[in-house]
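Each remark here refers to the structure printed beneath this line.
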Amino acid sequence: MPEETSILLRLRGRVQGVGFRPVVFRLAHELGLRGWVRNDPAGAEVALGGPLGAVARFRADLPGRLPAAADIQSVEERPAPGDLPAGFEIRLSAGADGARVAGILPDLATCPDCLREILDPTDRRYRYPFANCTHCGPRFSILEALPYDRAHTTMKAFRMCPACEAEYRDPRNRRFHAQPNACPVCGPQLTWTDARGAALAARDDALRAAADALKNGQIVAVKGIGGFHLMADARDAAAVRRLRERKQRDEKPFALLFPSRDAVAEACDLSEAEAAWLESPAAPIVLLRKRAGRRGLAEAVAPGLPWIGAMLPYTPLHHLLMRDLGFPVVATSGNRTDEPICTDNDEAQARLGSIADFFLRHDRPIVRPMDDSVMAVCEGGPVWMRRGRGMAPCTLPLPGVPDGWLAAGAQMKSTVAVTAGGNAVMSSHIGDLDHEGAVRLWRRTVDDLAGLHGLDVVRAVADFHPDYASTRGAAALPVPVESVLHHHAHIAACMAENGLDGPVLGIAWDGTGMGDDGTVWGGEFLAGTRADSRRVAWLRPFPLAGGDAAAREPRRSALGVLREMGSAHPPPGCSPAELAVLDGMLRSGLNVVRTSSAGRLFDAAASLLGVCQVMSHEGQAAMRLEALAGEDEAEPYPFGWIGDALDWAPMIAAMLAGGETPARVAARFHATLVEMMAAVARRTGLADVCLSGGCFQNRRLLAGALRRLAADGFRVWRHREIPPNDAGIALGQLAAAAARRGVAGLAIGGADMIECPP
Ligand code: ZN
Ligand code: ZN
Ligand code: FE
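Structure follows, in structure tokens:
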């Protein structure tokens, strides 16, 4: 008789709602183990009894058997409590005491099994747009309350038919406890309406009508997982142009939905890592380089840029539609530019009726708007621009942090975060809080995150800038508020994500953020810990005429740079009259700010090279400069020091000297900035360097910094889980506030993500 043991495993991480319990059930049965598995508020518990060898085998085999969307962060083992049953069973969830975090999952792209079924004419879900199982389907977008079961989702309105009910109750079925389980008999259905909302077709006829309309160059609003998309044939220049006009979106690139991976590879260069992300359960938009000489996509999709944002179908609805079409479509958020995405049928009717020719909608309500996630791959790792559908909420462990802290985030690319059960839970992308709709969504998101977790907010952490809508929103709460400097929050976020306590050198480069001296920072080098840092170097400040307008007009940055270096050279893109006004402002100092912003230095370079004088959307000038620079190696220009300020004047002078192609100048500009970072790192002498801030969305800059600093012997840390831009500020605010209170061991490294295959 082999030696018997009984243990209890407490698993933390993404284990609920992803088909974890059936996997445990099957493995335990195969190994002849007794016991049970159940969800608890923070994860799952598995009680096991049987021969020592079989129990060890279970522990060894479990990781390899996990469903694709599951991710175990930690396992705690203790003796099993009480008697175990004679067999192995799946038990109901433990009570809802304690912090509720484990049940909140991102929406997951259609799994291969469900895809096979909807394409199989003999399957009862053939061409059913809402098929799902425990491995895939909507989660966060339909979740009203915890624990995650059907009665707490918008699927509660649909009563399962006997066939679905039987699947739901069978532990051997992959739809066991699949909360959104549905079929053509009992589940949500499609409706096809005209722009005024009159129903024209239903069910499969609606789907086919949508495909026909898109083939005919029409603009169709399609309700998906996190809201409505506006779709149009991406090859049809007139359709794309009409969509731009109606959406009032001049030049900002549109994302494209492709029918297949092969179709993506035909249009773009596609590495294995990029393909893995495209096909991952998160199914984000991936920025890819257009293939040289490739025709077929309308230029108006991404005017003047060498990249396009590509994604693959991630719901049965999108799979079926794209198979019927066979060509890529624009799939852009259903909104007017800068407003939050539409989720509700009536609201979409009202807001999109003047943009879309037709609506393909369905009757499964969406609880919260979720834009598509956006990322790129750089040096083998992800660079997130936006975490939304498929990636939100993002739960990162912050052991020891009390419940109920709220991080208000920043102003642009706003996200918020709360602490719950020793975690930071980060919201989905909210948007830029310059718009009333986004501010309303900010408030709703705060209530939503706190409400879902059953929390009362007890403390708020906000940006040092008093006029951010997020700072004002935090100040309106009846709780103490503390502030964290914008650029320190960037670096604290990068440290927290990488499990560093410091000291580090943080390179925080972005467009704008308020410094502790009240001036506009953005090209900062900070040395310190998560709790606090000191500014050790910065880019030489220059004057910007005209406040907010300067951030939209690279020519104003160019003028400021030229005048700061004593040059009377006229900047490009200004009429003599405009120049006289701007020069007058600079001389008088009225409505002029000084900034050390790296983002504005990029703008200045873009203007001087003639690639962008007035931006139609944020980051446009820097994107064009990055595009112009291409990927070839380039020598840095000279630069100097003025005290602790890095002087870019020698670089600008060399750029203006002429004799080189604009592409070469752009490449050398990037190389010079990288060289500046290396110079500060050597001068500061700290072994660890953290890169954060929106400038590190620029892959040429990020790759250059990673390679150059590593070659000099530094350990270089980048973001992989959260965006380097202001969407990461909320995490940094929590990490800094926790560190100030001596909350120890905030190791986050490698947490939470739906890992994609290498
Ligand atoms: Zn599935
Ligand atoms: Zn059914
Ligand atoms: Fe920033």
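The C-terminal residue of the sequence shown carries number 765 in this note's numbering, and the numbering is unbroken. Where is the CB? At the ideal position from N, CA and C, for every residue including glycine. From a predicted model like this one, the values you see are computed outputs, not experimental measurements.
Beta-carbon distances below 7 angstroms to any heavy atom of ligand 2 define the shell here; list its residues in chain order, please. M167, C168, A170, C171, A189, C190, V192, C193 and G194
DSSP-derived helix/strand/coil call for R131: Coil, per DSSP.
In angstroms with no decimal places, state the Cα-to-Cα distance between G231 and M392. 21 angstroms
Euclidean distance between Cα positions of A482 and S604: 27 angstroms
As a quick exercise: from R131, I514 and P485, pick the residue whose alpha carbon is nearest that of A496. I514
Span of the alpha helix (DSSP H) holding E96? Segment F95 to I97 is the beta strand (DSSP E) holding E96; no alpha helix (DSSP H) there.
Alpha-carbon spacing of I736 relative to P178, whole angstroms: 42 angstroms
Could you check whether the Cβ of A629 sits closer than 7 angstroms to any heavy atom belonging to ligand 3? no
Find the nearest neighbour of P86 within the set Y135, C581, A138 and L16, judged by alpha-carbon distance. L16
With H, G and I counted as helix, E and B as strand and the rest as coil, what does DSSP make of R215? helix
DSSP three-state assignment for L698, whether helix, strand or coil: strand
Helix, strand or coil for A106, going by three-state DSSP, please let me know. Reliability of the predicted coordinates at A106 is poor, the pLDDT of 44 falling under 50, and the value obtained from them is presented with this limitation in mind. In the structure shown, A106 sits in coil (DSSP, three-state: anything other than H, G, I, E or B).
In angstroms with no decimal places, state the Cα-to-Cα distance between P548 and D654. 9 angstroms
CB of D47 to nearest heavy atom of ligand 1: below 7 angstroms? no
By the three-class DSSP mapping on this structure, what secondary structure does H142 have? coil
Comparing the CB of H142 with every heavy atom of ligand 1, is any distance shorter than 7 angstroms? yes
Tell me whether G700, by its Cβ, gets closer than 7 angstroms to a heavy atom of ligand 3. yes
K259 to P669, Cα distance in whole Å? K259 and P669 have their C-alpha atoms roughly 23 angstroms apart.
So for F365, helix, strand or coil by DSSP? strand
Counting along the chain, where does the beta strand (DSSP E) carrying N430 start and finish? N430 to M433
Three-state secondary structure assigned by DSSP to S490: strand
For my contact list, T708 and R725 are in at a C-beta cut-off of 8 angstroms; report their separation, rounded to the angstrom. The question names Thr, yet the displayed sequence has Leu at residue 708. Contact doesn't hold; Cβ gap of about 11 angstroms is too wide.
Taking only the alpha-carbon atoms, compute the straight-line gap between G522 and T602 and give it to the nearest angstrom. 10 angstroms
Are the CB atoms of L551 and V491 nearer to each other than 8 angstroms? The answer is no: Cβ separation not under 8 angstroms.
Report yes if the C-beta distance between R396 and D370 is below 8 angstroms; otherwise report no. no
Need the endpoints of the beta strand (DSSP E) that L295 sits in, please. I292 to R296
At the level of alpha carbons, what is the spacing between A431 and A734? 14 angstroms
From what residue to what residue does the alpha helix (DSSP H) around G711 run? R706 to A718
Q356 by DSSP, collapsed to three states: which one? helix
Within 7 angstroms: the Cβ of N139 and any heavy atom of ligand 1? yes
Return the CA-CA distance between P313 and R296, expressed in angstroms with no decimal places. Rounded to whole angstroms, the gap between the alpha carbons of P313 and R296 is 6 angstroms.
Identified DSSP bridge partners for S13: Paired residues: G56.
Give the C-beta separation of V62 and V53 to the nearest angstrom, bearing in mind that I take them to be a contact with Cβ-Cβ under 8 angstroms. No, V62 and V53 are not in contact; Cβ-Cβ is about 10 angstroms, not under 8 angstroms.
Give the straight-line distance between the Cα atoms of R302 and G535, rounded to the nearest whole angstrom. 50 angstroms
On the DSSP bridge assignment, give the partners of T200 in chain order. A206 and F366
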